[in-house]
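In our numbering, the protein residues as written are 501 to 896.
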């Protein structure tokens, strides 16, 4: 809705958009969200295209900060709503059925969230208004970066979010990339991409003059207006291989490294998969030798022994990612900023997951989405569907 304001020289359009999301709305309710303020007021208006008025149960009001809105005059004396400070949002009633035979029982959304299986998370986050940014980490590289956004580049973003009153940073998936460097087409549902490692912040790296010179060379990749993924991949791989040969023993001797390795069962299959991908020069795993395509446990054990050094290197990189992400998470927590991770609901066919746990997937099917206004023929994402029947038999 626009309010037209005329002056002697110009015409100004003052726009106000109030977009409200609620867990449950009742079109026949007489209760509604109210905006009040000590300052000027805004006229009430309906949004017929949404099919109902803006209403909430309990006659509660929504917290708003008057600084976020332009003050205007009311459209008419009796047709307005006010903006105020320190309002709060209470939670509408949610109807919960415990079983088909039980009668429905009413529970507030807040009580439901605080009693469900993810209750500890909700108690920490709190179901209230949160504001933040959504971005790809690759896009926010700084002067210390090597051609791509890195974990430690999140620190100035965290500081900025705290300064402006934001409390959420949502990141596109950080998973290790597949062949096309898409964050939604990863080679593992668990592994993190080493491309995001902040090389200048690696343990002991300051002790090595040669490696510091290499970092300065890689800094020049920042000159590109777009991320040159292949160049970044090649440069960082060479750097990390050298770093591994010089400093891996110190890190692998630490108790935290041993704990990390012992508590993450996905590391070995991921390491073997990455090693075989290199051995077969990037070919899809269904084009590998039959023994390596649908690998048995006996064959897997042989591969682990035959490729120990290469697998140790992949595990080492994942430990470095863990260390840096853990530090960034602590900094975010100290600033009361939530890091929200975006996780794909499906798994890339060319991933360690589908290769190692192939019985969990229907590789004969390919998942996508039906036709819509943006795609007349629909979309084929190329992801295999889950074999839910096998998963159920296997106890999920």
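In this text, a Cβ means the ideal position worked out from N, Cα and C, and glycines have one as well.
By alpha-carbon positions, which one of 612, 835, 857, 735 ends up nearest to residue 765? By one-based count along the chain shown, residue 765 stands at place 265. The candidate whose alpha carbon is nearest that of residue 765 is 857.
Here's a check: name, in chain order, each residue in its chain whose Cβ is nearer than 7 angstroms to the Cβ of residue 807, leaving out the five neighbours to either side. On the chain shown, residue 807 is found 307 positions in, with the first residue counted as 1. If we look at residue 807 and ignore the five residues flanking it on each side, its Cβ neighbours are 772, 775.
Assuming residue 668 is part of the beta strand (DSSP E), what are its boundary residues? Counting from 1 along the chain shown, the entry for residue 668 is found at position 168. Following the DSSP letters along the chain, one finds residue 668 inside the beta strand (DSSP E) bounded by residues 668 to 671.
So what's residue 633 in DSSP terms, helix, strand or just coil? One-based indexing of the chain shown puts residue 633 at position 133. Look at residue 633 here: in three-state DSSP terms it is strand.
From 649, 849, 633, pick the residue whose C-alpha is nearest to that of residue 660; which is it? As a working mapping, residue 660 is identified with position 160 in the chain shown. If we check each option's Cα against that of residue 660, 633 comes out closest.
According to DSSP, simplified to helix, strand and coil, what is residue 854? Stepping through the chain shown from its first residue, residue 854 is reached at position 354. Three-state result, residue 854: helix.
Could you please give the first and the last residue of the uninterrupted alpha helix (DSSP H) stretch that includes residue 660? As a working mapping, residue 660 is identified with position 160 in the chain shown. Its alpha helix (DSSP H) spans residues 654 to 664.
Of all the options 731, 877, 872, 756, which has the alpha carbon lying nearest to the alpha carbon of residue 826? One-based indexing of the chain shown puts residue 826 at position 326. Ranked by Cα distance from residue 826, the options 731, 877, 872, 756 are led by 756.
Give the secondary structure of residue 886 by DSSP, where H, G and I count as helix, E and B as strand, and everything else as coil. Residue 886 sits at position 386 when you count from the first residue of the chain shown. Three-state result, residue 886: strand.
Please specify which runs of the beta strand (DSSP E), each continuous and at least 3 residues long, are wholly inside the stretch 727 to 752, giving them in chain order. You should have found no qualifying run.
Quick one, are the C-beta atoms of residue 722 and residue 645 less than 8 angstroms apart? Your numbering for residue 722 matches position 222 in the chain shown. Your numbering for residue 645 matches position 145 in the chain shown. Yes, Cβ-Cβ distance for residue 722 and residue 645 is below 8 angstroms.
Rounded to whole angstroms, what is the Cα-Cα separation between residue 792 and residue 635? Here residue 792 is taken as the residue at index 292 of the chain shown, counted from 1. Here residue 635 is taken as the residue at index 135 of the chain shown, counted from 1. Rounded to the nearest whole angstrom, the C-alpha separation of residue 792 and residue 635 is 37 angstroms.
For residue 746 and residue 623, the rounded distance between their alpha carbons: Locating residue 623 in the chain shown gives position 123, counting from the first residue. Locating residue 746 in the chain shown gives position 246, counting from the first residue. Each residue's alpha carbon lies about 44 angstroms from the other.
Checking the sheet assignment: what are the DSSP bridge partners for residue 648? As a working mapping, residue 648 is identified with position 148 in the chain shown. Answer is none; residue 648 lacks a bridge partner.
Any idea what DSSP makes of residue 725, helix, strand or coil? Translated into the one-based positions of the chain shown, residue 725 becomes position 225. Residue 725 falls in the coil class under three-state DSSP.
Residue 794 versus 896, 863, 718, residue with shortest Cα-Cα distance: Reading the chain shown from its first residue, position 294 is the one you call residue 794. Nearest neighbour of residue 794 by Cα position, chosen from 896, 863, 718, turns out to be 863.
Let me check one thing: in DSSP terms, what residues is residue 839 bridge-paired to? To locate residue 839, count along the chain shown from 1; it is residue 339. Partner(s): 669.
Taking the straight line between their C-alpha atoms, what separation do you get for residue 884 and residue 693? To locate residue 884, count along the chain shown from 1; it is residue 384. To locate residue 693, count along the chain shown from 1; it is residue 193. Note on geometry: alpha-carbon atoms of residue 884 and residue 693 lie some 22 angstroms from one another.
So residue 744 and residue 816 are supposed to be a Cβ contact under 8 angstroms. How far apart are they, rounded? Here residue 744 refers to the residue found at position 244 of the chain shown. Here residue 816 refers to the residue found at position 316 of the chain shown. Right, the Cβ-Cβ distance comes to about 6 angstroms (below 8 angstroms), so this counts as a contact.
8 angstroms Cβ cutoff met for residue 882 and residue 859: Residue numbering aside, residue 882 sits at position 382 when the chain shown is read from its first letter. Residue numbering aside, residue 859 sits at position 359 when the chain shown is read from its first letter. Residue 859 sits away from residue 882, with the two beta carbons spaced by 8 angstroms or more.
Count the other CB atoms within 10 Å of the CB of residue 843; is the residue buried (16 or more) or exposed (fewer)? For the purposes of this step, residue 843 is identified with residue 343 of the chain shown, where counting begins at 1. Label assigned to residue 843: exposed.
Considering only DSSP beta bridges, list what residue 868 is partnered with. Here residue 868 corresponds to residue number 368 of the chain shown, with the count starting at 1. Partner(s): 880.
Just reading off the alpha helix (DSSP H) that residue 709 is part of, what are its end residues? As a first step, residue 709 is located in the chain shown; it is residue number 209 there, counting from the start. Residue 709 -> alpha helix (DSSP H) spans 709 to 719.
In the DSSP assignment, find the alpha helix (DSSP H) that holds residue 617 and state where it starts and stops. As a position in the chain shown, residue 617 is number 117, starting the count at 1. Segment: none, residue 617 is in no alpha helix (DSSP H) and carries neither H nor E.
Along the chain, where does the alpha helix (DSSP H) that runs through residue 833 open and close? Mapped onto the chain shown, residue 833 falls at position 333. From DSSP, the alpha helix (DSSP H) with residue 833 extends over 808 to 834.
Compare the C-beta of residue 885 with all C-beta atoms of chain C and state if any pair is closer than 8 angstroms. Among the chains of the structure shown, chain C does not appear; only one protein chain is present.
Closest by C-alpha distance to residue 748, when choosing among 717, 781, 704: As a first step, residue 748 is located in the chain shown; it is residue number 248 there, counting from the start. Closest by alpha carbon: 704.
The stretch 823 to 837 / the stretch 655 to 675 touching (three or more Cβ pairs under 8 angstroms): Yes, they touch.
Buried/exposed call for residue 874, threshold 16 Cβ in 10 Å: To locate residue 874, count along the chain shown from 1; it is residue 374. Exposed, since its Cβ has fewer than 16 Cβ neighbours within 10 Å.
What did DSSP end up calling residue 517 once you bin it into helix, strand or coil? In the chain shown, counting from the first residue as 1, residue 517 sits at position 17. In this prediction, residue 517 has a pLDDT of 45, which is less than 50 and means its spatial position is unreliable; nothing more can be read from the coordinates.
C-alpha distance - residue 667 paired with residue 750, whole-angstrom precision: As a working note, residue 667 is residue 167 in the chain shown. As a working note, residue 750 is residue 250 in the chain shown. If I take the Cα positions, the gap works out to 37 angstroms.
Can you tell me whether residue 675 is buried or exposed, with buried defined as 16 or more other CB within 10 angstroms of its CB? Within the chain shown, numbered from 1, the residue matching residue 675 stands at position 175. That one is buried.
Please report the residue range of the alpha helix (DSSP H) in which residue 756 lies. Here residue 756 corresponds to residue number 256 of the chain shown, with the count starting at 1. Segment 755 to 762, the alpha helix (DSSP H) holding residue 756.
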